[in-house]
Amino acid sequence: MEVIVPILVQLVAGGIGGNVIGQIVKSLNLGPAGNSIVGAIGGIAGTWLAGMIPGLDGLVAGAASAGTAGGLDLSALAGQGATGLVGGGILTAIAGIIKSSMAKA
Numbered sequence: 003m004e005v006i007v008p009i010l011v012q013l014v015a016g017g018i019g020g021n022v023i024g025q026i027v028k029s030l031n032l033g034p035a036g037n038s039i040v041g042a043i044g045g046i047a048g049t050w051l052a053g054m055i056p057g058l059d060g061l062v063a064g065a066a067s068a069g070t071a072g073g074l075d076l077s078a079l080a081g082q083g084a085t086g087l088v089g090g091g092i093l094t095a096i097a098g099i100i101k102s103s104m105a106k107a
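Position one of the sequence shown corresponds to residue 3 (the working numbering), numbered consecutively onward.
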């Protein structure tokens, strides 16, 4: 269970980030399903990339606390949610740019 919760946080936050970008910048909108799917993928990827950057690795590492019996580190989950939100927004924006540039060609 300690492994599933951080992944769900990343997926949901990424989906939210993708939908927010799609609503704010209409030219990048992929539709509700597209924004959610691309955002969820971006949430996972963004959190993974943040874990590889020195200084940010402590923000997203250790969601499953080994020191407590079955406990979750809420600060790590918040960090994963934040990086998932940003990652989902960025990947949705990139996909929206590619989609709009292909539509013009």
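Ideal placement from N, C-alpha and C gives every residue a C-beta, glycine not left out.
Keep in mind it's a predicted model, so treat the numbers as computed, not measured.
Short Cβ contact (9 Å threshold) for residue i with residue j
i	j	result
glycine 44	glycine 98	no
glycine 81	alanine 52	yes
glycine 83	valine 11	yes
proline 1	alanine 78	The structure shown has nothing for residue 1, since the chain only spans 3 to 107.
glycine 86	isoleucine 39	no
alanine 95	valine 27	yes
Residue i versus the options, residue with shortest Cα-Cα distance
i	options	result
asparagine 37	Ala52, Pro56, Gly57, Val14	Val14
lysine 101	Ala63, Leu51, Gly17, Gly24	Gly24
aspartate 75	Thr85, Met54, Leu61, Val88	Leu61
methionine 104	Asp59, Ile46, Ala52, Ser29	Ser29
alanine 41	Asn21, Met54, Gly33	According to the sequence shown, residue 41 is glycine rather than alanine. Closest option to glycine 41, Cα to Cα, is Asn21.
glycine 89	Leu32, Asn31, Trp50	Trp50
Inter-residue CB distance, residue i and residue j (contact presumed, cutoff 8 Å)
i	j	result
glycine 16	glycine 57	Going by Cβ atoms, the distance from glycine 16 to glycine 57 rounds to 21 Å, so no, they are not a contact pair.
Unbroken alpha helix (DSSP H) run spanning residue i, endpoints
i	result
proline 8	6-26
aspartate 114	Residue 114 lies beyond the stretch modelled for the chain, which goes from 3 to 107, so this question has no answer here.
asparagine 31	Premise fails: asparagine 31 is in no alpha helix (DSSP H) and is neither H nor E.
alanine 105	76-106
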